[in-house]
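Read the structure below first, then the notes.
2 protein chains.
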Amino acid sequence: MDSLCYCDLLRTAARKTTAVYDRYLAEVGLTLAQYKLLKKIDRAGELSISELAAACDLDRSTIGRNAQVLEKHDLVEETSCGDGRRCMLRLTELGRHRLAAAAPLWQTAQTEIESMLGPDQIKAITAISGAL
Amino acid sequence: MDSLCYCDLLRTAARKTTAVYDRYLAEVGLTLAQYKLLKKIDRAGELSISELAAACDLDRSTIGRNAQVLEKHDLVEETSCGDGRRCMLRLTELGRHRLAAAAPLWQTAQTEIESMLGPDQIKAITAISGAL
DNA sequence: CCATGAAACGGGTATATACCCCTAAAACCT
DNA sequence: AGGTTTTAGGGGTATATACCCGTTTCATGG
């Protein structure tokens, strides 16, 4: 039993749950990561790559590349602001529609995971997340 | 508080903990994923890509590519077996040494994560893992 | 107003991961 | 023994992620 690497368990849990969400979201051509990004941009209305990276706790270059994918799919567009270094990201019309279509699919996945794990383990996930 | 996506929490937890292990393992030039792979190969002595994929619960192509990285670093080598389709993976001498050097670093990370999370949340991780 | 420093981003490189399709080889069934 | 099916891998493509470095642009202090 020495192979109980907590990291490995968490990585596997993340992969497995991601696969569930991805399976539902595939119906509208989104991944979970993309859905979360769209959601955060929608929530903020408009925000820069650095701001989004901070909000997601991800590296700036990661967000930059993920945003490029969303732009390629015409879900997100860049608008220049006063600052010549930054460009603000915001949803396109298509992006808003896609996000709206994805929401119930996301909820289905969320509910499925809830029922797989049960309330105690759901609480535990929140606690683990808070402790890191 | 509707942003409590369990998948997102798990993904973030996995990233954060991986970063801790990776930081320690960087001293011997390994990532956590590579360490786990080396460990599984060492344990088995010799096994095929499909067997390793099954053992890791990862896609075969993922393991194939990860194994290529390990071969590039001379940590793993392929040996042909009777079956012309398969090639068995096994550690090189360097791979065994690297793995031995990495073990205490892995343990340091493991202990650090244990103390960050505490016994209850450690138990919860195991439970979550089992439920998926 | 200019020099220096800080902030924002892009690109290069590397890894991890999955899906799909193709080929080769073995196994299996007449 | 030969045709069919299954198994094993490889390669293509796509995404997600991080680190480092270079460039541009802003801010700030003299």
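From first to last, the protein sequence lines stand for chains A and B.
Under my numbering, the first sequence has 1376 at position 17, and the numbering climbs by one with no breaks.
Under my numbering, the second sequence has 1486 at position 127, and the numbering climbs by one with no breaks.
Don't be surprised by glycine CBs; every beta carbon is placed ideally from N, CA and C.
*Taking the C-alpha atoms as reference points, what is the distance between Ala-1373(A) and Thr-1371(B)?*
Counting from one through the first sequence, the residue named residue 1373(A) turns up at place 14. Counting from one through the second sequence, the residue named residue 1371(B) turns up at place 12. Each residue's Cα considered, the two are about 8 angstroms apart.
*Hey, is Ala-1372(B)'s beta-carbon within less than 7 angstroms of any beta-carbon in chain A?*
Residue mapping note: residue 1372(B) aligns to position 13 of the second sequence, counting from 1. Taking Cβ atoms only, chain A reaches closer than 7 angstroms to Ala-1372(B), which makes this a yes.
*What number of angstroms, rounded off, separates the C-alpha of Lys-1461(B) from the C-alpha of Glu-1452(A)?*
Counting from one through the second sequence, the residue named residue 1461(B) turns up at place 102. Counting from one through the first sequence, the residue named residue 1452(A) turns up at place 93. The displayed chain sequence assigns Ala, not Lys, to residue 1461(B). Whole-angstrom Cα-Cα distance: 51 angstroms.
*Would you identify the three-state DSSP class for Leu-1363(B), choosing helix, strand or coil?*
Residue numbering aside, residue 1363(B) sits at position 4 when the second sequence is read from its first letter. Coil.
*Where Arg-1457(B) sits in the DSSP three-state scheme*: Position 98 of the second sequence, counting from 1, holds the residue named residue 1457(B). Reduced to three states, the DSSP call for Arg-1457(B) is helix.
*DSSP three-state assignment for Asn-1406(B), whether helix, strand or coil*: Here residue 1406(B) refers to the residue found at position 47 of the second sequence. In the sequence as displayed, the identity of residue 1406(B) is Leu instead of Asn. Of the three classes helix, strand and coil, the one that applies to Leu-1406(B) here is strand, per DSSP.
*In the segment 1381 to 1407 of chain B, which residues sit with their C-beta less than 7 angstroms from some C-beta in chain A, listed in chain order?*
Here the close residues are Leu-1391 and Lys-1395.
_Does the CB of Thr-1377(B) have a neighbour CB from chain A at under 7 angstroms?_
Mapped onto the second sequence, residue 1377(B) falls at position 18. Chain A, which has a Cβ nearer than 7 angstroms to the Cβ of Thr-1377(B), makes this yes.
*Classify Leu-1389(A) as helix, strand or coil using the three-state DSSP reduction.*
By 1-based counting over the first sequence, the position of residue 1389(A) is 30. Three-state DSSP puts Leu-1389(A) in coil, outside helix and strand.
*Mind reading off the beta-carbon distance from Gly-1454(B) to Leu-1434(B)? Whole number of angstroms is fine, and I expect it under 8 angstroms.*
The sequence position of residue 1454(B) within the second sequence is 95, counting from 1. The sequence position of residue 1434(B) within the second sequence is 75, counting from 1. Sure, about 4 angstroms apart at Cβ, within 8 angstroms.
*If you draw a straight line from the C-alpha of Lys-1398(B) to the C-alpha of Glu-1386(B), how long is it?*
As a position in the second sequence, residue 1398(B) is number 39, starting the count at 1. As a position in the second sequence, residue 1386(B) is number 27, starting the count at 1. Looking at the two C-alpha atoms, the distance is approximately 17 angstroms.
_Given a cut-off of 7 angstroms on the beta-carbon distance, is the pair Ser-1407(A) and Arg-1445(A) in contact?_
Residue 1407(A) sits at position 48 when you count from the first residue of the first sequence. Residue 1445(A) sits at position 86 when you count from the first residue of the first sequence. Less than 7 angstroms separates the beta-carbon of Ser-1407(A) from that of Arg-1445(A).
*Can you tell me the Cα-Cα spacing of Ala-1392(B) and Gly-1441(A), whole angstroms?*
In the second sequence, residue 1392(B) corresponds to position 33, counting from 1. In the first sequence, residue 1441(A) corresponds to position 82, counting from 1. Roughly 43 angstroms between the two C-alpha positions.
*In three-state DSSP terms, what is Arg-1444(B)?*
For this step, residue 1444(B) is matched to residue 85 along the second sequence. The answer is coil: DSSP assigns Arg-1444(B) none of H, G, I, E or B.
*Any beta-carbon of chain A closer than 7 angstroms to the one on Ala-1459(B)?*
The sequence position of residue 1459(B) within the second sequence is 100, counting from 1. For Ala-1459(B), the answer is no, since every Cβ of chain A falls outside 7 angstroms of its Cβ.
*Hey, Lys-1395(A) and Asp-1367(B): beta-carbon distance below 7 angstroms or not?*
Here the question's residue 1395(A) lines up with position 36 in the first sequence. Here the question's residue 1367(B) lines up with position 8 in the second sequence. Yes, the pair counts as a contact, with Cβ atoms nearer than the cut-off.
*asked:* Please report the straight-line C-alpha distance between Ser-1439(B) and Leu-1448(B), rounded to a whole angstrom.
replied: Translated into positions along the second sequence, residue 1439(B) becomes position 80. Translated into positions along the second sequence, residue 1448(B) becomes position 89. Put simply, the backbone Cα of Ser-1439(B) is about 9 angstroms away from that of Leu-1448(B).
_From the DSSP secondary-structure annotation, give me the bridge partner or partners of Val-1435(B)._
Against the second sequence, residue 1435(B) aligns to sequence position 76. Answer by DSSP bridge pairing, in chain order: Leu-1450(B).
_Contact set for Met-1360(B): own chain, Cβ-Cβ below 7 angstroms, skip 5 residues either direction_ = Counting from 1 along the second sequence, the entry for residue 1360(B) is found at position 1. Per-residue confidence for Met-1360(B) stands at a pLDDT of 44, beneath the threshold of 50, marking its modelled position as unreliable; no derived number is given.
*Can you list, in chain order, the residues of the segment 1409 to 1425 of chain A whose Cβ is nearer than 7 angstroms to any Cβ on chain B?*
The residues in question are Asp-1416.
*Going straight from the alpha carbon of Leu-1389(B) to that of Gly-1423(B), what length do you get?*
In the second sequence, residue 1389(B) corresponds to position 30, counting from 1. In the second sequence, residue 1423(B) corresponds to position 64, counting from 1. When rounded, the distance between both Cα atoms is 17 angstroms.
_Just to confirm before moving on: does the CB-CB distance between Leu-1476(A) and Ala-1483(B) stay below 7 angstroms?_
What you label residue 1476(A) is simply residue 117 of the first sequence in a count that begins at 1. What you label residue 1483(B) is simply residue 124 of the second sequence in a count that begins at 1. Contact annotation: Leu-1476(A) and Ala-1483(B) have beta-carbon atoms that are not nearer than 7 angstroms.
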